[in-house]
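Notes for the one structure printed next.
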Ligand code: GLN
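In this note's numbering, the protein residues as written are 62 to 485.
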């Protein structure tokens with residue numbers, strides 16, 4: 062049987078295909094040669110399964126979509142303090158190449174505008190690494206996000222470098238403010254090379270899926286950056302990724318995203334998927350016209366908006382009740398799904414308000430697939446109090462995934478099934 066998903070993607074592409082508004086970026090001569098009619102979409106799940114439609118084989122330079130990934134690499138290489146000292150996290154509402162720095166500190170306001178991205182570029186690799194080592198680290202890092210070896214398009218690199226007057230102005234300002242310590246031309250050349258890395262729409266979807274998957278590439282299993290770095294990166298994408306169109310994007314589409322002037326667009330929905338589109342004609346903000354249109358549709362039709370509540374907390378308690386277990390009563394509470402703070406509160410409240418009516422209590426977590434830290438702590442303290450109140454408490458954990466965390470000083474019996482509970 063054919064999956065309906067690629068058909069859905071293909072039909073969405075045909076819905077927007079005829080929109081020829083906007084224009085291909087031409088301030089970089091090599092980009093002006095792009096075929097404006099190309100159109101592609103790829104969706105990568107966090108287990109690496111990929112759906113695609115349209116021109117997904119066409120390669121193009123990554124441009125500004127490199128910015129969040131290089132930001133993540135810099136955070137991983139230099140730590141949060143070093144990076145945040147030099148580049149802020151506030152949206153500007155300005156265009157991507159605006160010549161703007163914070164008045165007092167001279168810091169670029171965020172890593173998604175060029176001033177910030179030029180600075181972040183210099184923070185990749187070990188302190189003092191020369192441009193060669195830095196570029197190598199950067200290519201390795203971007204390749205690890207994509208799960209395949211990526212290369213620089215030398216023609217795009219040369220073409221942009223020859224016309225990089227505005228970025229040179231920015232780099233000179235950064236140098237003058239001591240935000241960057243090296244020769245501004247070295248910074249611009251390195252950053253321009255970073256923007257000239259070739260990708261196709263599949264690569265971008267997989268890179269986004271790596272962000273959605275807490276920094277672990279779903280194909281290779283490699284942890285490219287930590288979950289904490291991903292959280293920082295996705296936050297900055299949410300507020301600054303779409304430049305002066307960021308507010309409009311966040312309200313209408315509602316997924317952390319990043320655009321590039323060659324027509325790519327990515328979004329990552331934490332825990333679920335990465336999506337990438339490619340269509341070279343851009344709007345006034347420098348974001349792909351049909352890409353934006355596609356994402357607006359996906360957001361509605363695939364319910365992507367991160368501000369849309371899901372009702373998971375309500376359903377974490379699958380059942381409660383007293384059973385006859387070896388001739389004696391046993392109170393069994395079966396939990397399920399993903400339990401975070403609100404789910405943990407639900408469980409705790411149930412136990413507190415409806416005290417288990419017999420001495421023995423079994424909490425079955427075999428159907429729970431994630432237990433957040435806060436929920437874990439709450440459950441642990443609740444079980445501790447049940448014990449203190451004289452209950453004999455068991456944690457049923459068929460696959461022994463959570464059990465070990467409940468061991469130690471807690472007087473809870475760890476079992477893999479109800480049968481293991483002795484009828485005492
Ligand atoms: N290399 C481009 C520049 O610096 C990237 C801009 C973008 O994709 N928005 O101008």
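We put the CB at the ideal spot given by N, CA and C, even for glycine. As the structure is a computational prediction, the values presented were derived from the model and not from experiment.
If you check the beta carbons only, do residue i and residue j fall under 8 angstroms apart?
i	j	result
residue 388	residue 279	no
residue 90	residue 341	no
residue 262	residue 436	no
residue 186	residue 168	no
residue 148	residue 175	no
residue 349	residue 338	yes
residue 380	residue 395	yes
residue 256	residue 161	no
residue 247	residue 315	no
residue 249	residue 228	yes
residue 182	residue 251	yes
residue 329	residue 269	yes
residue 202	residue 134	yes
residue 447	residue 412	yes
residue 121	residue 206	no
residue 428	residue 397	yes
residue 347	residue 467	no
residue 209	residue 264	yes
residue 67	residue 110	no
residue 84	residue 343	yes
How about residue i: is its Cβ closer than 7 angstroms to a heavy atom in the ligand GLN?
i	result
residue 218	no
residue 161	no
residue 301	no
residue 180	no
residue 256	yes
residue 340	no
residue 171	no
residue 253	yes
residue 322	yes
residue 221	yes
residue 82	no
residue 233	no
residue 121	no
residue 206	no
residue 130	no
residue 238	no
residue 157	yes
residue 124	yes
residue 175	yes
residue 364	no
Rounded C-beta distance between residue i and residue j? I'm assuming under 8 angstroms.
i	j	result
residue 443	residue 459	Not really, about 21 angstroms apart at Cβ, beyond 8 angstroms.
residue 231	residue 184	That belief does not hold up - the Cβ atoms of residue 231 and residue 184 are roughly 16 angstroms apart, past 8 angstroms.
residue 272	residue 335	7 angstroms
residue 434	residue 471	Contact doesn't hold; Cβ gap of about 16 angstroms is too wide.
residue 123	residue 325	7 angstroms
residue 218	residue 196	With a Cβ gap of about 11 angstroms, residue 218 and residue 196 do not count as contacting.
residue 266	residue 105	4 angstroms
residue 125	residue 275	Incorrect: roughly 23 angstroms between the Cβ atoms, too far for contact.
residue 475	residue 464	4 angstroms
When we look at the beta-carbon of residue i and count the other beta-carbons within 10 Å, is it buried (16 or more) or exposed?
i	result
residue 369	exposed
residue 138	buried
residue 65	exposed
residue 452	buried
residue 473	buried
residue 226	exposed
residue 214	buried
residue 408	buried
residue 430	exposed
residue 317	buried
residue 283	exposed
residue 362	exposed
residue 81	exposed
residue 62	exposed
residue 371	exposed
residue 177	buried
residue 332	exposed
residue 414	exposed
residue 469	exposed
residue 417	buried
residue 107	buried
CB of residue i to nearest heavy atom of the ligand COA: below 7 angstroms?
i	result
residue 349	Within the structure as shown, the ligand COA is missing, the only ligands being the ligand GLN.
### Task
Check whether the stretch 216-230 touches the stretch 190-205, taking contact to mean three or more Cβ pairs, one atom from each stretch, closer than 8 angstroms.
no
### Query
Is there contact between the stretch 375-394 and the stretch 113-129, where contact requires at least three CB pairs shorter than 8 angstroms?
no
### Inter-stretch contact (C-beta, 8 angstroms, three-pair minimum) for the stretch 69-80 and the stretch 298-315
no
### Task
Count the CB pairs spanning the stretch 285-305 and the stretch 152-162 that are closer than 8 angstroms, and state whether there are at least three.
yes
### Query
Using 8 angstroms as the Cβ pair cut-off and three pairs as the minimum, do the stretch 451-470 and the stretch 416-424 touch?
yes
### Query
Below 8 angstroms, can you find three or more Cβ-Cβ pairs linking the stretch 283-291 to the stretch 352-365?
no
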